[in-house]
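Chains A and B, in that order, are what the protein sequence lines are.
Our numbering applies: residue 2 is where the first sequence begins, and numbers increase by one.
Our numbering applies: residue 83 is where the second sequence begins, and numbers increase by one.
The C-beta atom is built at its ideal place from N, Cα and C for all residues, glycine as well.
Source: prediction; values computed, not measured.
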Amino acid sequence: MKIRRNYHLPEAQQEMLGKAVRLEWVTIFFLLTITLVMYLTMGASQAMRTAWIEDVLSLVPPIAFLISVHFRKRAPSQRYPYGFRRLPTLAFLVAAVAILTLGLYMFYDSARSLIGQEHPALGQFDLFGWYVWSGWVMIVALIYSMIPPLILGHMKLPLAKEVHEKTLYAGATMNKDDWLTAGAAILGILGIGLGWWWADSVAAGFISIEVVMDGYKNVHQAMADLTDQRPTKVGGNEPLDLPDRLCTEVR
Amino acid sequence: MRLRTTSFLIWIVAASLLIGGCARYPQDPHGSLDRALTRGTLRVGVLRHEPWVTGAPPDAPGGVEAELIQRFAQDMGIGVSWRWGNSEDLFEALEHYELDVLIGGLTSANPWSRHVTMTTPYFTNHVVVALPPGVTFPDGSPAPAQTPALISRNGGMLEELAWLLKRQELDGVTVAVRPQSSLQETLRGRSAVVVERADLAGADGPIAAEGWEVLGLGFQPTGADLETVHYVLAVPPGENALLVRLEKTLLHDTTPAHIAERLWEESRR
């Protein structure tokens, strides 16, 4: 079979891709610190555990993106004459399925604890010798978990559109929407403090629904891509107007 | 989007300050603390477990945990009503909000922790192999000059690591232990030779004893850490106001050293 030549992005886009890759590494670093901080403070709160899982999940798109970028650079071979340009889409599908499945599990878990009338216990937290209500520590951890993803998400979004990377876009959207997750968990914890034992499970349920929606949207998108749907714009189902523009230019 | 997020954050912080500043925070879903204050009595379930809880019905219990409860009730200006019973009855009563606190040398490993709320551990004890003063191991090696703390307050991972680093092998070492002690199994698992001895104080070789016992006897602890036990009290599920108030007494008004002393005194009776 004839081995195709590898595709290379134009100069400007290549530079943006480089910037995106760097930002994804930074994202992974911050997500790891957030995961650690939240793990140390999460205690018995269902909402916080769900928010923690969601933060761990948001590591999936950046990792998938970095792997696919790495493999795409490889030149086509005898075995893979078309090169590895399908890889990003595959990575995207894997990421989306992981997110959807875990979101469903999280929803099941919060429903179970709500139905089982589980009353979360939030006692004193040992902060290096000082004792403070664990709810406050959790809220501080959650506020910290809001900030880096928000900033990074906003930085990556325009880049994703420019280089037409759906995995990057999905990850950036997840980061940007992280504030909703953290906000819901904070409200859940404040609710427990007010004596509403159900506030925690309800907040967890809300977060998990958000994750399921994220997962579903992305699975749908990835499936459409793999079945060779007509090209769409990044972050939506609108058809790419490239064919029309091409016709106009040529005429 | 930025503006919405910022205003949301500000709202959250304001709400937190407002809530945190007013009345009692956190609150009990079932109002256990308020009811106890109104009632003027704290309903305490009692499980006999020497030297943590001593005595027998119908007398009021003695021991370290009974004293802690007395102090707790005194701080709040209310009395105590004791209810002796067996484990299952008392835990079920606690789960259904018919009791306020349960004492009985409970540990964090207790399976009822899924049904009721356990306080944060107020005393962590390491069960170790110790040597009488001036005695060495059969192979001639003396007890280490320094071991990690035998007693502490909820040491956590760093403490476990410290003990792991000082680990002492027990292959073939003869260790004296109390008759019918659960430690016999643990020791045999570490290939030690077990010998039963009722009075550990008079031993002339290695013994296996609770951390506070080793301190009281003045024996030298070795790096052979057999067990780590975290002691807690139990309150009804999710009653956070009561939990926080109780933990305040447990954590601020006592120290592990003081508790170890009391346990040693109580065990000598």
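Contact list for residue i against chain A, beta-carbon separation under 7 Å
i	result
Asn236 of chain B	Asp127
Gly320 of chain B	His120, Pro121, Ala122 and Trp198
Ala97 of chain B	Leu191
Val326 of chain B	Gly124, Gln125 and Trp134
Ile199 of chain B	Reading off the sequence, residue 199 of chain B comes out as Thr, not Ile. Per Cβ cutoff of 7 Å: Ala122.
Tyr204 of chain B	In chain order: nothing, as chain A lies at least about 10 Å away.
Tyr107 of chain B	Gly194
Glu329 of chain B	Gly124 and Gln125
Residue i in three-state terms, based on DSSP
i	result
Phe207 of chain A	helix
Leu58 of chain A	helix
Gly19 of chain A	helix
Val210 of chain B	strand
Arg5 of chain A	coil
Gln302 of chain B	strand
Leu308 of chain B	strand
Arg165 of chain B	strand
Asp245 of chain A	helix
Glu250 of chain A	helix
Glu292 of chain B	strand
Ala45 of chain A	coil
Ile233 of chain B	strand
Phe72 of chain A	helix
Phe126 of chain A	strand
His131 of chain B	strand
Val276 of chain B	strand
Own chain residues within Cβ distance below 8 Å of residue i, not counting five before or after
i	result
Gln14 of chain A	Glu163 and Val164
Ile160 of chain B	Ala118, Leu119, Arg121, Gly122, Thr123 and Leu124
Gly206 of chain A	Phe108, Ser111, Ala112 and Leu115
Lys177 of chain A	Pro150, Leu151, Gly154, His155 and Leu158
Gln109 of chain B	Asn322 and Ala323
Leu103 of chain A	Ile54, Leu58, Val212 and Gly216
Arg231 of chain A	Pro240 and Leu241
Pair within 8 Å by beta-carbon distance, residue i and residue j
i	j	result
Gly305 of chain B	Pro226 of chain B	yes
Leu105 of chain A	Val220 of chain A	no
Ala212 of chain B	Pro230 of chain B	no
Val276 of chain B	Leu282 of chain B	no
Thr168 of chain A	Ala96 of chain A	yes
Gln250 of chain B	Val259 of chain B	no
Asp56 of chain A	Ser146 of chain A	yes
Leu232 of chain B	Gly293 of chain B	yes
Pro338 of chain B	Ser195 of chain B	no
Glu278 of chain B	Pro303 of chain B	no
Where residue i meets chain A, residues with beta-carbon distance less than 8 Å
i	result
Asp110 of chain B	Gly196
Leu172 of chain B	Those within 8 Å of Leu172 of chain B in chain A number zero; the least Cβ separation is about 18 Å.
Glu177 of chain B	Correct list: empty, because the minimum Cβ distance to chain A is about 10 Å.
Close Cβ partners of residue i (< 6 Å) along its chain, the five nearest in sequence each way excluded
i	result
Val198 of chain B	Leu176, Glu177, Ala316 and Pro319
Glu309 of chain B	Val209
Leu94 of chain A	Ala223
Trp26 of chain A	none
7 Å CB neighbourhood of residue i in its chain, flanking five on each side removed
i	result
Ala173 of chain A	Gly154, Lys157, Leu158 and Ala161
Thr90 of chain A	Ala223, Asp226 and Leu227
Ile140 of chain A	Ile187 and Ile190
Leu325 of chain B	Thr199, Thr201 and Val317
Ala142 of chain A	Val38, Met39 and Thr42
Tyr217 of chain A	Leu101
His312 of chain B	Thr189, Ser190, Pro203, Thr206 and Asn236
Ile210 of chain A	Phe108
Val135 of chain B	Val128, Leu129, Pro143, Gly145, Glu147, Ala148, Ile185, Gly186 and Gly187
Leu88 of chain A	Ser69, Phe72 and Arg73
Proximal chain A residues relative to residue i, where beta-carbon distance stays under 9 Å
i	result
Leu315 of chain B	Simply none; closest approach about 11 Å.
Leu333 of chain B	Gln125, Asp127 and Tyr132
Within-8 Å CB hit, residue i to chain C
i	result
Ala142 of chain A	Going by chain labels, chain C is absent from the structure shown, which instead holds the protein chains A and B.
For the 8 Å Cβ check, are there 3 or more pairs between the stretch 200 to 212 of chain A and the stretch 44 to 54 of chain A? With a cut-off of 8 Å, the stretch 44 to 54 of chain A and the stretch 200 to 212 of chain A count as touching, because enough Cβ pairs lie within range.
Any chance the stretch 122 to 131 of chain B sits against the stretch 180 to 198 of chain B, with 3 or more Cβ pairs inside 8 Å? yes
Does the stretch 163 to 170 of chain B come close enough to the stretch 275 to 290 of chain B to have 3 or more Cβ pairs within less than 8 Å? Because the criterion of three Cβ pairs below 8 Å is not met, the stretch 163 to 170 of chain B and the stretch 275 to 290 of chain B do not touch.
Three-pair Cβ contact test at 8 Å for the stretch 22 to 41 of chain A versus the stretch 56 to 66 of chain A: yes
Evaluate the contact criterion for the stretch 330 to 343 of chain B versus the stretch 151 to 158 of chain B: three or more CB pairs, one atom per stretch, below 8 Å. yes
Any contact of the stretch 244 to 251 of chain A with the stretch 124 to 138 of chain A, i.e. 3+ C-beta pairs under 8 Å? no
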